[in-house]
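Asker:
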Amino acid sequence: MDRKYNIIADNAAEAYARRIGGQFTEEKLVAASNKGTYKRALKDIEACETRLEVTEEYLKVKLPDAEVSMCGELASCKCSCPSKTICRHIIAAAIAVSVFSDGNEDCVEENAKADIQKPSAQDKQTSEEIKADEKYLDEVMKTMTGILAKGIISCTKNDSEILSRLSLTAPTVHRKIGRLCRSAAEDIELMLEKKAGFNQLTAAMRICRIYNTAEASLKEQGKALLFSGNEYENIGKREFICLGVYPYRSKSGFAGLTAVMFETEQNKFYTYNSAISDIYSKTSDSGSLKSLYKLMRAHSHWQNKMSIENISGRKLSLIGCKADSNDKISSSSQTTCVTSNKIGCNDLPEEAFEFAPEEEYDYFSYQKKPRYAVVSAENIDAYFDKGEQILYYSIIGKDGKFNCETAYSELTSLAVKSIEAYADKPAADRYFLLKRMGGITEAIAEINSEGIVNIYFGNGKELTI
Amino acid sequence: MDKLISLLEEIIADIAFSGTNEIRTDVLRRLNTAEKLCNEFNMSAGEKLCSRLTGCASEHNSEEAATVLCRLCCYTECLSGLQD
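Residue numbers (the numbering used here), protein chains in the order written: chain L, 816 to 1280; chain X, 1414 to 1497.
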């Protein structure tokens, strides 16, 4: 029994765990889920008692809220929760099992708690790894050509499983391909289940993108040029102003918050994301605005456990700050956050008033980065299109006129309500933080003389739990 | 240009959905139109890809057609991305 985690296992279970546990490395588990799920799973097994039992076929890992049956590969693990994918229970079970593998006891926790700056993939790749990569990429390309030859319509559950396997077995350097494979598997599942979420063009484009990425990667073999730049780098002590927070929900089922932070030395925008990891738990409010508001108030960020609500609308220093090439700030426990006074519209830096120039299109980094700017908002004209369920509004002020739109959904319901309330009520000292992505501009927060209002959460009263 | 992009997207979606094993004649007709449009706009790469795809379909070379389809998809996404 391991002392760090509260894991109870008899000799047979321990032997089984030792046999299969070595394969569950942090890298593999993060690639199969995401960093947030991994950290949540790690916290789960630290906080509760986990029992390991051997049955005829499986190693059963009993967690307080689920039971995971394991027999080897992660893809073949079964969880008693309703999730059809690799849920946090499976990840927690894999971590529990991995602590029994030789020499692994100490590194699991260390790795999870620190976003260690890893050597680039280029440095790490040996000829054997390159061969394994080539084999993987070849298999990916053959699978995609096979699917395209017979057509997506002829795909079966088996194809979806092959794609899931390719997603799970993706080497770290090809994690983007892994993620795309997982999405493609979901596309096929949606088609087989005749769900409205299936889109012929999106599925086709995704399969072609997987092929193209694998082919380009094969040509760049040994350099890993296409996929570098995802590691966090220590950027030292930085001063920020948190200008607003908004919720997001991804197609793959994750939800979370993005805090928009303006860095006052280099004068550029950074973002800080916090994902909700219990979205697969299927509770009544999973991923709802209420649960995201709860996440906003949770004290779980950086070394000194700050909440996003704490930092919103304030000046703050991040000591030992880490950020990646997409200007995303890490939630590393090695970073300390020190907040200072609240800001109002008179404290806004001039440099925040301009959108950064749009980045050149790059097929292989297709996810466009949102751009942010603060604009004066003396007047707002709003019109809600009931047919399209979109609120169209123009923000007019000293900086010009900005045409914005916000599509109505559960997540944006309070934002739509707030903007409609602002309409036709002129105000001199009022500013808005805007987000622009894919040609659509939308308001994130109101900044007035008293402080910042995150319009997606209204004033919070409706969401108080 | 918008029309060409949506035409190419329709073609990609149709071929990927029903498979490069047997590309329907109506899709081939649209492919021909796309090829002509590319020619009009002096987009030689697009024209070449459309023509290669038609060639693969007539030769019943489904694997090669799948590869060309992926290239055409990349070309279309880049056209659309650069236009945004």
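Think of the CB as a built atom: it goes at the ideal place given N, C-alpha and C, for glycine as much as any other residue.
Computed from a prediction, not measured in an experiment: that's the story for all the values here.
Can you name the residues of chain X whose CB is closer than 7 Å to the CB of Ile-967/L?
Answerer: By 1-based counting over the first sequence, the position of residue 967/L is 152. Ala-1429, Phe-1430, listed in chain order.
Asker: Need the endpoints of the alpha helix (DSSP H) that Asn-1269/L sits in, please.
Answerer: Along the first sequence, read from residue 1 onward, the residue named residue 1269/L stands at position 454. No alpha helix (DSSP H) contains Asn-1269/L, which is instead part of the beta strand (DSSP E) from 1266-1269.
Asker: May I ask you to list the residues that DSSP assigns as paired with Tyr-1237/L?
Answerer: For the purposes of this step, residue 1237/L is taken as the residue at position 422 of the first sequence. None; Tyr-1237/L has no bridge partner.
Asker: List, in order along the chain, the chain X residues whose C-beta lies closer than 7 Å to that of Ile-1022/L?
Answerer: Within the first sequence, the letter at position 207 stands for residue 1022/L. By Cβ distance, chain X contributes Ala-1429.
Asker: Any Cβ of chain X within less than 7 Å of the Cβ of Ala-1029/L?
Answerer: Stepping through the first sequence from its first residue, residue 1029/L is reached at position 214. No, Ala-1029/L does not count as interfacial toward chain X.
Asker: Measure the alpha-carbon distance for Glu-924/L versus Ala-830/L and round it to whole angstroms.
Answerer: Taking the first sequence and counting its residues from 1, one reaches residue 924/L at position 109. Taking the first sequence and counting its residues from 1, one reaches residue 830/L at position 15. Because Glu-924/L carries a pLDDT of 40, less than 50, the predicted location of this residue cannot be relied on, and the following value inherits that uncertainty. Looking at the two C-alpha atoms, the distance is approximately 22 Å.
Asker: What are the residues in the region 1456-1468 of chain X lying within 8 Å of chain L by C-beta distance?
Answerer: Residues: none.
Asker: Using 10 angstroms around the beta-carbon of Val-1015/L, count the other beta-carbons present and answer buried if the total reaches 16, otherwise exposed.
Answerer: The residue labelled residue 1015/L in the question sits at position 200 within the first sequence. Going by the sequence as given, residue 1015/L is Gln instead of Val. Buried is the call here.
Asker: Which residues of chain X have a Cβ atom closer than 7 Å to the Cβ of Thr-960/L, listed in chain order?
Answerer: Stepping through the first sequence from its first residue, residue 960/L is reached at position 145. The answer, in chain order, is Glu-1476, Ala-1479, Thr-1480.
Asker: Check distances from the C-beta atoms of the region 997-1016 of chain L to those of chain X and list, in chain order, the residues that come in under 8 Å.
Answerer: Per Cβ criterion, the list reads Gln-1015, Leu-1016.
Asker: Counting only beta-carbon atoms, is Leu-978/L nearer than 7 Å to chain X?
Answerer: Mapped onto the first sequence, residue 978/L falls at position 163. Not an interface residue.
Asker: Please compile the residues from chain X whose C-beta is within a distance smaller than 8 Å of the C-beta of Ala-964/L.
Answerer: Along the first sequence, read from residue 1 onward, the residue named residue 964/L stands at position 149. Result: Gly-1432, Thr-1433, Asn-1434, Ser-1475, Glu-1476, Ala-1478, Ala-1479.
Asker: Whose C-beta lies closer than 6 Å to the C-beta of Ala-1000/L among residues of the same chain, with five residues either side of it excluded?
Answerer: For the purposes of this step, residue 1000/L is taken as the residue at position 185 of the first sequence. Here the set comprises Ser-975, Leu-978, Ser-979.
Asker: Any beta-carbon of chain X closer than 7 Å to the one on Tyr-951/L?
Answerer: Along the first sequence, one-based indexing puts residue 951/L at 136. Tyr-951/L does not count as touching chain X.
Asker: For the region 1169-1189 of chain L, list every residue whose C-beta sits within 7 Å of some C-beta in chain X, in sequence order.
Answerer: The residues in question are Tyr-1176, Tyr-1178.
Asker: What do you get for Ala-1039/L, buried or exposed, if any count of 16 or more other CB atoms within 10 angstroms of its CB means buried?
Answerer: As a working mapping, residue 1039/L is identified with position 224 in the first sequence. With a pLDDT of only 46 at Ala-1039/L, under 50, the local geometry of the prediction cannot be trusted, and the value read off the model is given with reservation. When all chains shown are included, Ala-1039/L counts as buried.
Asker: Would the beta-carbon of Cys-1152/L fall within 7 Å of that of Trp-1117/L?
Answerer: Indexing the first sequence from 1 puts residue 1152/L at position 337. Indexing the first sequence from 1 puts residue 1117/L at position 302. Contact: yes.
Asker: Count the C-beta pairs between the region 952-965 of chain L and the region 1020-1035 of chain L that are closer than 8 Å, then say yes if the count reaches three, no if not.
Answerer: Contact between the region 952-965 of chain L and the region 1020-1035 of chain L is present, because at least three Cβ pairs lie under 8 Å.
Asker: Report yes or no: do the region 1159-1177 of chain L and the region 1236-1255 of chain L share at least 3 C-beta pairs separated by less than 8 Å?
Answerer: The region 1159-1177 of chain L, when compared against the region 1236-1255 of chain L, does touch it at the 8 Å Cβ threshold.
Asker: Report yes if the C-beta distance between Ile-905/L and Cys-894/L is below 7 Å; otherwise report no.
Answerer: As a first step, residue 905/L is located in the first sequence; it is residue number 90 there, counting from the start. As a first step, residue 894/L is located in the first sequence; it is residue number 79 there, counting from the start. Yes, Cβ-Cβ distance for Ile-905/L and Cys-894/L is below 7 Å.
Asker: Are the region 1197-1206 of chain L and the region 1233-1243 of chain L in contact at 8 Å, needing three or more beta carbon pairs?
Answerer: Yes: at least three Cβ pairs fall under 8 Å.
Asker: Just checking: is the beta-carbon of Ile-1425/X within a distance shorter than 7 Å of some beta-carbon in chain L?
Answerer: Mapped onto the second sequence, residue 1425/X falls at position 12. For Ile-1425/X, the answer is yes, since a Cβ of chain L falls inside 7 Å of its Cβ.
Asker: Measuring CB to CB, does Gly-1071/L end up less than 7 Å from Ile-1091/L?
Answerer: Here the question's residue 1071/L lines up with position 256 in the first sequence. Here the question's residue 1091/L lines up with position 276 in the first sequence. Yes.
Asker: Roughly how many angstroms lie between the CA atoms of Ser-884/L and Ser-1103/L, to the nearest whole one?
Answerer: As a first step, residue 884/L is located in the first sequence; it is residue number 69 there, counting from the start. As a first step, residue 1103/L is located in the first sequence; it is residue number 288 there, counting from the start. Distance between the alpha carbons of Ser-884/L and Ser-1103/L: 30 Å.
Asker: Within the continuous alpha helix (DSSP H) that includes Phe-1430/X, where are the two ends?
Answerer: Position 17 of the second sequence, counted from the start, is the residue given in the question as residue 1430/X. Element bounds for Phe-1430/X: 1415-1431.
Asker: For Leu-1495/X and chain L, any beta-carbon pair shorter than 7 Å?
Answerer: Translated into the one-based positions of the second sequence, residue 1495/X becomes position 82. True, the Cβ-Cβ gap to chain L drops below 7 Å.
Asker: Using a Cβ-Cβ cut-off of 8 Å (strictly less than) and excluding sequence neighbours within five positions of Ala-828/L, which residues of its own chain qualify?
Answerer: Counted from its first residue, the first sequence places residue 828/L at position 13. Correct list, in chain order: Leu-867, Glu-868, Val-869, Leu-874.
Asker: For chain X, find out if any of its Cβ atoms is closer than 7 Å to the Cβ of Tyr-1026/L; answer yes or no.
Answerer: Your numbering for residue 1026/L matches position 211 in the first sequence. Cβ-Cβ to chain X under 7 Å: yes for Tyr-1026/L.
Asker: With distances taken between CB atoms, is the gap from Arg-1186/L to Phe-1168/L smaller than 7 Å?
Answerer: Mapped onto the first sequence, residue 1186/L falls at position 371. Mapped onto the first sequence, residue 1168/L falls at position 353. Against a cut-off of 7 Å, the Cβ pair of Phe-1168/L and Arg-1186/L comes out as no contact.
Asker: Indicate whether at least one CB of chain L lies closer than 7 Å to the CB of Cys-1451/X.
Answerer: In the second sequence, counting from the first residue as 1, residue 1451/X sits at position 38. For Cys-1451/X, the answer is no, since every Cβ of chain L falls outside 7 Å of its Cβ.
Asker: Between Glu-1448/X and chain L, is any beta-carbon pair separated by less than 7 Å?
Answerer: Counting from 1 along the second sequence, the entry for residue 1448/X is found at position 35. Chain L, which has no Cβ nearer than 7 Å to the Cβ of Glu-1448/X, makes this no.
Asker: Does Phe-1179/L come out as helix, strand or coil in the three-state DSSP assignment?
Answerer: Numbered from its first residue, the first sequence carries residue 1179/L at position 364. In the structure shown, Phe-1179/L sits in a helix (DSSP, three-state: H, G or I).
Asker: List, in order along the chain, the chain L residues whose C-beta lies closer than 7 Å to that of Glu-1490/X?
Answerer: Locating residue 1490/X in the second sequence gives position 77, where the first residue counts as 1. Ordered by position in chain L, the residues that pass the 7 Å Cβ test against Glu-1490/X are Met-1020, Tyr-1178.
Asker: Is the Cβ-Cβ distance between Cys-1136/L and Thr-1150/L less than 7 Å?
Answerer: Here the question's residue 1136/L lines up with position 321 in the first sequence. Here the question's residue 1150/L lines up with position 335 in the first sequence. Closer than 7 Å, so yes.
Asker: Just list the beta strand (DSSP E) runs in the region 992-1075 of chain L, keeping only unbroken ones of 3 residues or longer that don't cross its boundaries, in chain order.
Answerer: If we require 3 residues or more, the beta strand (DSSP E) runs fully inside the region 992-1075 of chain L come out as 1048-1064.
Asker: Quick one, are the C-beta atoms of Asp-1139/L and Tyr-1047/L less than 7 Å apart?
Answerer: Taking the first residue of the first sequence as position 1, residue 1139/L is located at position 324. Taking the first residue of the first sequence as position 1, residue 1047/L is located at position 232. Against a cut-off of 7 Å, the Cβ pair of Tyr-1047/L and Asp-1139/L comes out as a contact.
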